[in-house]
Amino acid sequence: MPVIELSQISKHYEMGQQLIKAVDNLDLTIDYNEYVVFIGSSGSGKSTLMNIIGCLDTPTSGRYVLAERDVSGMSENELADIRNQEIGFIFQSFNLLPRASALRNVMQPLIYRGLSLGERRDEAERVLARVGLADRGDHLPNQLSGGQRQRVAIARALVTNPSILLADEPTGNLDSQTSIEILALFDELHADGQTIIVVTHEPDVAQHGERVVRLKDGRVVEDRPNER
Amino acid sequence: MSANAPAHERRVRKQPNRVTLWFAAAEGARAAVVSIRAHGFRSFLTALGIVIGVASVIAMVSIIQGLSFTIGEQFQGLGSNSVTVQSYTSLEHALQGRRSRLTQDDFDLIRFRVDGLESITPIMYIANGQSAVRYGSQTTVSQVLGTTYAFQNVGQYFAAQGRFLSDSDNDTRRRVAVIGEKVRDELSLPRDPLGEFILINGEWLKIIGLLEPKGEIFGQSQDNRVMIPYSTMASLEGNQSEPDIQVQLTMRDLGDLENIRATITRLLRAAHNLGKKDEDDFRVQTAAQLQDTFQSILNTVTVVMAGIVSISLLVGGIGIMNIMLVSVTERTREIGICKAIGAKRHHILLQFLLEALVLCLLGGLVGLGIGYGIGALAAALIPNFPAAHTPWWAVALALGFSVVVGVVFGLLPAVKAANLDPITSLRYE
Chain A
12 MPVIELSQIS KHYEMGQQLI KAVDNLDLTI DYNEYVVFIG SSGSGKSTLM
62 NIIGCLDTPT SGRYVLAERD VSGMSENELA DIRNQEIGFI FQSFNLLPRA
112 SALRNVMQPL IYRGLSLGER RDEAERVLAR VGLADRGDHL PNQLSGGQRQ
162 RVAIARALVT NPSILLADEP TGNLDSQTSI EILALFDELH ADGQTIIVVT
212 HEPDVAQHGE RVVRLKDGRV VEDRPNER
Chain B
231 MSANAPAHER RVRKQPNRVT LWFAAAEGAR AAVVSIRAHG FRSFLTALGI
281 VIGVASVIAM VSIIQGLSFT IGEQFQGLGS NSVTVQSYTS LEHALQGRRS
331 RLTQDDFDLI RFRVDGLESI TPIMYIANGQ SAVRYGSQTT VSQVLGTTYA
381 FQNVGQYFAA QGRFLSDSDN DTRRRVAVIG EKVRDELSLP RDPLGEFILI
431 NGEWLKIIGL LEPKGEIFGQ SQDNRVMIPY STMASLEGNQ SEPDIQVQLT
481 MRDLGDLENI RATITRLLRA AHNLGKKDED DFRVQTAAQL QDTFQSILNT
531 VTVVMAGIVS ISLLVGGIGI MNIMLVSVTE RTREIGICKA IGAKRHHILL
581 QFLLEALVLC LLGGLVGLGI GYGIGALAAA LIPNFPAAHT PWWAVALALG
631 FSVVVGVVFG LLPAVKAANL DPITSLRYE
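These protein sequence lines map, in sequence, to chains A and B. Residues 12 to 239, numbered by my numbering, are exactly what the first sequence covers, in order. Residues 231 to 659, numbered by my numbering, are exactly what the second sequence covers, in order.
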């Protein structure tokens with residue numbers, strides 16, 4: 012059952028006289044519980060594609076169905092709802108709110124859902140425990156190590172029970188040992204049934220996916236199951 | 231997290247609803263306080279404009295209102311059915327060296343030809359109103375006025391010791407005087423000054439009464455007064471001179487006021503040979519009118535002060551806007567994060583608006599406290615000044631103004647924040 016259906020998706024920019032085709036007539040389907048890795052060099056269009064899948068950006072043309080909902084023509088506020096309900100973002104630079112504790116960071120997405128403070132706290136504590144940070148809830152981001160920050164970010168992405176976990180170079184700012192731990196956590200989450208999409212240029216990271224999609228010049232040039 | 235159930239089945243299905251905004255507002259207010267505290271000194275400087283603005287409004291208003299409150303009380307003591315007739319010299323005439331006067335004849339005219347009077351008395355002030363008064367080796371300067379028995383009623387002056395002036399004092403031009411407490415103290419008269427003699431204008435006068443203390447208006451003592459019989463005063467001034475006098479009267483019925491005023495005006499205009507185009511060279515005023523005049527002066531002062539001070543609030547507001555714009559730029563990335571995890575435009579708008587609002591409101595509250603303190607302190611430090619009085623409307627106005635400043639000047643930065651593009655702001659370094 013597909014969670015993401017991209018058909019004839021294009022994203023074109025005009026830069027002066029030049030038309031840049033960041034994503035060009037791309038078709039792609041991702042099912043629930045898949046672990047997909049987008050790989051490609053810089054300028055291959057993988058970031059643009061991730062922004063479109065993450066509903067941060069809208070395609071110039073084409074149709075995008077996410078969790079049975081056509082999001083192609085949605086307004087900014089509707090897209091905000093979709094991001095809140097369907098997507099959990101994980102960024103290379105963690106992107107935690109600097110003045111909020113780990114727990115508050117994890118609670119943040121639930122504010123936009125109309126959950127009471129108690130409900131928010133319960134959910135956030137549960138998910139923090141899931142990523143192994145039960146005792147770090149009251150620490151500020153700058154009191155945590157890189158790996159711990161990324162775990163908080165993962166908890167924040169998971170707390171809304173999203174359809175897809177969307178990670179952009181999740182180990183880019185981490186040392187190799189911590190990277191292995193984070194990727195192991197991804198494997199666990201995948202085993203639990205979570206759909207995961209990772210964007211990377213590192214072959215080591217790509218190794219963890221079940222399916223590798225290679226992008227070049229805004230097109231899919233390779234789409235193969237990963238032999239692990 | 232329960233294992234093995236597909237993600238789309240165990241999703242939190244709670245949809246955004248009406249309480250979302252309320253929770254977002256509560257969270258926004260909390261975040262605002264956190265952010266204001268995080269930049270403690272900067273927040274303080276930012277709100278300083280508001281603090282100063284509100285403090286000056288409150289200090290100013292409380293002092294002026296304290297004054298007006300006291301004046302109101304004092305005028306009530308005057309009696310609202312009393313009317314004063316006095317000469318009035320227009321600026322034009324004053325420049326030409328002409329002085330209008332009310333004379334003994336005018337007084338008689340009013341006394342005999344106006345109906346509905348309860349009591350009427352002439353008042354004659356010595357030369358410039360003030361005169362040296364001597365007792366033994368002590369000399370002081372007091373207000374000396376000549377009047378009659380009826381002034382007791384009209385001016386609400388009563389004797390604490392001895393008696394007030396009587397009609398027979400006036401008829402026989404007795405050399406007697408009723409003095410205020412301040413005069414007694416200044417001249418080091420005995421506590422019971424009755425029977426002592428004081429020297430005014432070369433005439434010895436016997437003290438027959440001590441007035442009840444009246445307190446002060448504008449720091450001017452009402453007890454530094456000497457009252458002597460009207461006819462005695464006239465003879466002190468010299469019987470040939472025709473000094474300017476005042477007429478004070480009370481009405482039997484307050485409803486007669488307009489009638490009495492019209493009659494007096496008609497009589498005096500005729501007596502003074504004023505033509506149709508000439509202005510009145512006298513004024514007929516009631517105590518209530520005098521009070522109104524004072525009040526309206528004070529109100530004007532209040533409004534002008536408030537106007538000047540609101541400029542400082544405006545400047546404070548611009549400071550707030552400036553810092554909020556800086557804050558939005560600084561937190562571009564945070565805004566991007568919040569948008570990525572589902573914040574809508576109004577969530578971001580609300581958060582920044584709340585921050586400006588909390589900042590202004592805190593400034594307003596601090597300013598309120600400081601202004602209240604300054605008002606009370608100033609009133610306490612200036613001698614003989616009435617206590618400061620802070621009316622509730624000034625508090626409401628100052629806080630309301632802070633809120634308005636917060637909303638108005640917070641709006642532009644908040645809109646700017648809400649309109650940021652999530653992708654660009656996430657990339658912002």
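Positions of the beta carbon are idealized from the N, C-alpha and C atoms, including for glycine. Treat the numbers as computed from the prediction; the structure is a model and nothing was measured.
- According to the DSSP assignment, M457/B belongs to the beta strand (DSSP E) that extends over R455 to P459.
- As computed with DSSP, V210/A is found in a beta bridge with F49/A and D179/A.
- When rounded, the separation of the alpha-carbon atoms in S632/B and V625/B is 11 Å.
- Residue pairing of Y24/A in beta bridges, as defined by DSSP: I31/A.
- Within the stretch 568–579 of chain B, C568, K569, A570, I571, G572, A573, K574, R575, H576 and H577 place their CB atoms closer than 9 Å to a CB of chain A, listed in sequence order.
- With a threshold of 8 Å between beta carbons, P616/B makes no contact with chain A.
- DSSP lists Q478/B and Q515/B as the beta-bridge partner residues of T314/B.
- Boundaries of the beta strand (DSSP E) harbouring R230/A: R230 to P236, taken from the DSSP string.
- The C-beta distance from T351/B to T377/B rounds to 5 Å, short enough to meet the 8 Å contact threshold.
- Pairwise C-beta distances place the stretch 100–118 of chain A out of contact with the stretch 39–57 of chain A, as fewer than three of them are shorter than 8 Å.
- When DSSP states are grouped into helix, strand and coil, R124/A belongs to the coil group.
- Shown in chain order are the members of the stretch 52–79 of chain A whose Cβ falls below 7 Å from a Cβ of chain B: N62, L67, D68 and A78.
- Between K436/B and G410/B, the alpha-carbon positions lie close to 14 Å from each other.
- Annotation for I494/B: the continuous alpha helix (DSSP H) segment containing it runs L487 to A501.
- A Cβ-Cβ contact shorter than 8 Å links I604/B with A289/B.
- Out of I64/A, S83/A, L30/A and L67/A, the CA that lies nearest to the CA of G73/A is found in S83/A.
- In chain order, V142 and L144 place their CB closer than 6 Å to the CB of R162/A, counting only its own chain and leaving out the 5 sequence neighbours on each side.
- Secondary structure at F524/B: helix, using DSSP grouped into helix, strand and coil.
- The contact set of E87/A on chain B, defined by CB atoms closer than 7 Å, consists of R575 in chain order.
- Contact between P181/A and V209/A holds, with the beta-carbon distance rounding to 6 Å and staying under 8 Å.
- In this structure, I340/B sits near V315/B, with a CB-CB distance shorter than 8 Å.
- The beta carbon of R329/B sits closer than 6 Å to the beta carbons of T319 from its chain, once the five residues preceding and following it are set aside; these are given in chain order.
- Under the three-pair Cβ rule at 8 Å, the stretch 116–124 of chain A does not count as touching the stretch 582–599 of chain B.
- Of the candidates S190/A, V216/A, D215/A and L200/A, the residue whose Cα lies closest to the Cα of A168/A is L200/A.
- M554/B counts as buried, since at least 16 other C-beta atoms from the protein chains shown sit within 10 angstroms of its C-beta.
- A residue is called buried once 16 or more other Cβ atoms fall within 10 Å of its Cβ, and Q205/A is buried on that count.
- Distance from the CA of V232/A to the CA of L77/A, rounded to the nearest whole angstrom, comes to 23 Å.
- Of all alpha-carbon atoms in Q159/A, Y46/A, I31/A and R124/A, the one lying nearest the alpha-carbon of Q218/A is that of Y46/A.
- Taking all protein chains in view, the Cβ of M463/B is crowded by 16 or more other Cβ atoms within 10 Å, so the residue is classified as buried.
- D399/B and F427/B have their alpha carbons spaced roughly 16 Å apart.
- Flagged as an interface residue toward chain B: L108/A, by a C-beta distance shorter than 8 Å.
- In the three-state scheme derived from DSSP, where H, G and I count as helix and E and B as strand, A362/B is classed as strand.
- If you draw a 10 Å sphere on the C-beta of L417/B, you find 16 or more other C-beta atoms in it, and that means buried.
- Under the DSSP assignment, R341/B falls outside any beta strand (DSSP E), being part of the alpha helix (DSSP H) whose first and last residues are Q334 to R343.
- Cβ-Cβ separation between L440/B and A390/B: approximately 5 Å, consistent with a contact (criterion under 8 Å).
- Residues S542, V545, G546 and G549 of the same chain have their beta carbon placed closer than 7 Å to that of G279/B, with the five preceding and five following residues left out of the count.
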